[in-house]
Amino acid sequence: MNENILNKLHIANAVEFMKNYMEKNSIDLTVTSPPYDDLRNYKGYKFEFEEIAGELFRITKKGGIVVWVVGDKIKNGNKSLTSFKHALHFQEIGFNVHDVMIYAKKNTPFMRSNAYTNGYEYMFVLSKGRPNTFNPIKEPTVRSGMEMLVHNKGPDGKNKKVLKELKKEKTKSNIWYYAVGLGGSTKDKIAFKHPAVFPENLAQDHILSWSNEGDVVFDPMCGSGTTCKMAALNNRNYIGVDISEEYIKIAQKRLNNTLGRLFA
Numbered sequence: 001m002n003e004n005i006l007n008k009l010h011i012a013n014a015v016e017f018m019k020n021y022m023e024k025n026s027i028d029l030t031v032t033s034p035p036y037d038d039l040r041n042y043k044g045y046k047f048e049f050e051e052i053a054g055e056l057f058r059i060t061k062k063g064g065i066v067v068w069v070v071g072d073k074i075k076n077g078n079k080s081l082t083s084f085k086h087a088l089h090f091q092e093i094g095f096n097v098h099d100v101m102i103y104a105k106k107n108t109p110f111m112r113s114n115a116y117t118n119g120y121e122y123m124f125v126l127s128k129g130r131p132n133t134f135n136p137i138k139e140p141t142v143r144s145g146m147e148m149l150v151h152n153k154g155p156d157g158k159n160k161k162v163l164k165e166l167k168k169e170k171t172k173s174n175i176w177y178y179a180v181g182l183g184g185s186t187k188d189k190i191a192f193k194h195p196a197v198f199p200e201n202l203a204q205d206h207i208l209s210w211s212n213e214g215d216v217v218f219d220p221m222c223g224s225g226t227t228c229k230m231a232a233l234n235n236r237n238y239i240g241v242d243i244s245e246e247y248i249k250i251a252q253k254r255l256n257n258t259l260g261r262l263f264a
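Quick look at the structure:
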């Protein structure tokens, strides 16, 4: 790993930065949300998807993970399906589509007049071979303790029950719910100078799930710096890249505030 780029934010084109400064098989985890379908103005940035995907495959360690958070544009009542096109391309170049997860928004402002409100985005978990790390996030079960539970129901349809223990917690499903907006995505008001802020808890949950302390977490389109902030808070190394100097300044302020609290 090039130590000169570690734990820093960089103003650069993502493809050029990866090609020029990042070594093959050097990144444990990437968590990012790309500027898909030109839904927002990202300071004139041109999104070079296939080039970015290729470089991500090159720099990801064997057993490393890329979390790709993406949705679809709706134009004239027709969804673009960009999300699936991205996932299929990642698969074609060598990634495994390890999981297709759902980022469900608890509060969504976008209503449609002739269809149900779209309240989710996809989180494609892409692995380079078998994942090296999985630290499952747990949640409390509704019931726990000893109960008579159905066991080996036969073709006769009769419920055969045995005494078994219900655990106090279970691994979360692959549908994750987050509030969005100020106080939901983050309490950092400055972050909302960026047009698309994803929840800090979303980034943190993936960082905790797919990496360990001391690993390197990357965001090639880091925007307001959410991935890098949560990596730092959870004792991971980080590398953040964005072509916009304005967004890097926002991200740096958030990191400075975070690191200031950590070492105060």
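Residue numbering for the sequence shown follows the UniProt record's numbering, starting at 1 and increasing by one per position.
Yeah, the Cβ is synthetic: ideal placement off N, Cα and C, and Gly gets one too.
*Does the Cβ-Cβ distance between residue 93 and residue 57 come in under 8 Å?*
Yes, the pair counts as a contact, with Cβ atoms nearer than the cut-off.
*Check whether the Cβ atoms of residue 34 and residue 230 lie closer than 8 Å to each other.*
Going by C-beta atoms, residue 34 is not nearer than 8 Å to residue 230.
*By Cβ distance, which residues of its chain are closer than 6 Å to residue 29, with the 5 residues on each side in sequence left out?*
Counting only Cβ-Cβ distances below 6 Å, and skipping sequence neighbours, we find 65, 210, 211 and 217.
*Going by DSSP, which residues form a beta bridge with residue 121?*
In DSSP, residue 121 forms a bridge with 103.
*Smallest Cα separation from residue 120: which of 107, 114 and 113?*
Of the candidates 107, 114 and 113, the one whose C-alpha sits nearest the C-alpha of residue 120 is 107.
_Residue from 62, 199 and 16 whose Cα sits closest to the Cα of residue 25_ = Considering only alpha carbons, the answer is 62.
*Does the Cβ of residue 175 have 16 or more other Cβ atoms within 10 Å, making it buried, or fewer, making it exposed?*
Classified as exposed, residue 175 has fewer than 16 neighbouring CB atoms from the shown chains inside 10 Å of its CB.
*Where does residue 256 land, buried or exposed, given buried means 16+ other C-beta within 10 angstroms?*
Answer is exposed; the Cβ neighbour count stays below 16.
*Taking C-beta to C-beta, are residue 207 and residue 31 nearer than 8 Å?*
It is a contact, given that the beta carbons lie within the stated cut-off.
*Does the Cβ-Cβ distance between residue 116 and residue 70 come in under 8 Å?*
Not closer than 8 Å, so no.
*Same chain only: Cβ atoms within 6 Å of residue 5, ignoring 5 sequence neighbours per side*: For residue 5, where only same-chain residues beyond five positions count, the Cβ hits under 6 Å are 21 and 239.
*Measure the C-alpha to C-alpha separation of residue 139 and residue 173 and round it to an integer number of angstroms.*
The straight-line gap separating the alpha-carbon atoms of residue 139 and residue 173 is approximately 9 Å.
*asked:* Contact defined as beta carbons within less than 8 Å: I believe residue 282 pairs with residue 105. What is the distance between those atoms, to the nearest angstrom?
replied: Residue numbering for the chain in the displayed model covers 1 to 264; residue 282 lies beyond these limits and cannot be assessed.
*Nearest CA to the CA of residue 285: which residue from 235, 178, 237 and 228?*
This structure does not reach residue 285, given that the chain is present from 1 up to 264, and the question cannot be answered.
*Tell me the DSSP bridge mates of residue 65?*
Its beta-bridge partners are 29 and 127.
_By the DSSP assignment, the beta strand (DSSP E) with residue 86 in it spans what residues?_
In this chain, residue 86 is not harboured by any beta strand (DSSP E); it is covered by the alpha helix (DSSP H) spanning 82 to 92.
*Beta-carbon gap between residue 243 and residue 27 smaller than 8 Å*: No, the pair does not count as a contact, with Cβ atoms beyond the cut-off.
*Are the beta-carbon atoms of residue 50 and residue 89 separated by less than 8 Å?*
Contact: yes.
_Please state the DSSP three-state secondary structure of residue 166._
Three-state result, residue 166: strand.
*asked:* I'd like to confirm the pairing. Which residues does DSSP put opposite residue 176 in its beta bridges?
replied: Answer is 103, bridged to residue 176.
*Can you tell me which of 225, 111 and 171 puts its alpha carbon nearest to the alpha carbon of residue 135?*
Minimum Cα distance to residue 135 is reached at 171.
*Could you check what DSSP says for residue 78 in three-state terms: helix, strand or coil?*
Correct three-state label for residue 78: strand.
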